[in-house]
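Those letters in the sequence shown? Residues 185 to 343, per my numbering, in order. Virtual Cβ for every residue (Gly too), placed ideally from N, Cα, C.
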Amino acid sequence: MSRPSLPTSIRRRSDYPEGTNLCDHCTAKCCHYFALQIDEPVNRRDFDYIRWYLLHEHATVFVEDQSWYLLVHTTCKHLQSDYRCGIYETRPQICREYTTDDCEFEDDWCYEKYFETPEQLDEYADALFGRQFVDPNVSERQSLRSQRPTSLPIASFGL
Ligand code: SF4
Ligand code: SF4
Numbered sequence: 185m186s187r188p189s190l191p192t193s194i195r196r197r198s199d200y201p202e203g204t205n206l207c208d209h210c211t212a213k214c215c216h217y218f219a220l221q222i223d224e225p226v227n228r229r230d231f232d233y234i235r236w237y238l239l240h241e242h243a244t245v246f247v248e249d250q251s252w253y254l255l256v257h258t259t260c261k262h263l264q265s266d267y268r269c270g271i272y273e274t275r276p277q278i279c280r281e282y283t284t285d286d287c288e289f290e291d292d293w294c295y296e297k298y299f300e301t302p303e304q305l306d307e308y309a310d311a312l313f314g315r316q317f318v319d320p321n322v323s324e325r326q327s328l329r330s331q332r333p334t335s336l337p338i339a340s341f342g343l
């Protein structure tokens with residue numbers, strides 16, 4: 185069975201008749217990631233852990249309802265080329281409980297906060313705690329770090 189051709193950016197639930205199984209018209213977006221709630225970072229060390237997450241490919245972090253989540257964009261090994269589950273009868277409980285009621289079908293999700301790169305997180309943490317690292321593009325003279333003391337002139341007594 186072929187999949188629908190409606191561009192995902194404009195399609196709405198309301199485009200489909202009531203009772204339609206939206207999963208039949210979706211590229212199984214919910215099978216292309218997993219998300220885990222993480223502790224809210226409250227200090228530099230916490231932010232540094234999250235920075236470590238973001239140093240990995242496909243890892244992002246979002247905040248929703250003041251809860252923080254690690255979101256990893258990766259495809260389930262059992263998703264088939266027709267976007268159906270290859271282990272439907274034994275799929276995990278979390279997959280069974282997920283419904284189309286509030287899923288990402290419409291592609292218009294917006295998070296309170298979303299960090300895709302370590303630099304974005306650094307910028308956010310710097311705003312909270314002040315700059316963590318010296319900008320490598322700023323010369324030592326311009327940086328906040330103490331400048332290297334200049335040498336005292338060598339005295340010469342004409343000996
Ligand atoms: S639950 Fe939503 S995101 Fe997942 S396959 Fe169905 S319509 Fe797509
Ligand atoms: S087990 Fe099946 S339903 Fe669950 S994420 Fe994988 S393909 Fe999707």
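- Under DSSP, Cys269 forms a beta bridge with Leu263.
- Under the three-state reduction of DSSP, Ala243 is assigned to strand.
- For Phe218, the Cβ stays outside the 8 Å cut-off from all heavy atoms of ligand 1.
- Pairing Glu248 with Gln221, the inter-Cα distance amounts to about 10 Å.
- At least one heavy atom of ligand 2 sits closer than 8 Å to the Cβ of Pro276.
- Contact between Tyr237 and Val245 holds, since their C-beta atoms are separated by about 6 Å, short of 8 Å.
- In this structure the region 208 to 223 does not touch the region 296 to 307; the number of beta carbon pairs closer than 8 Å is below three.
- For Phe299, the enclosing beta strand (DSSP E) stretches over residues 297 to 299.
- Taking a cut-off of 6 Å from the heavy atoms of ligand 1, the residues with a C-beta inside it are Leu206, Cys207, Cys210, Ala212, Lys213, Cys214, Tyr282, Thr284, Cys287, Glu288, Phe289.
- Looking at His216, Pro201, Gln316, the one whose alpha-carbon comes closest to that of Arg229 is Gln316.
- With a cutoff of 8 Å, Tyr308 does not count as near ligand 2, since its C-beta is closer than that to no heavy atom of the ligand.
- Bounds of the alpha helix (DSSP H) holding Ala311 are 302 to 313.
- DSSP places Leu255 in no alpha helix (DSSP H) but in the uninterrupted beta strand (DSSP E) bounded by 251 to 257.
- Arg275 has its alpha-carbon roughly 11 Å from the corresponding atom of Leu263.
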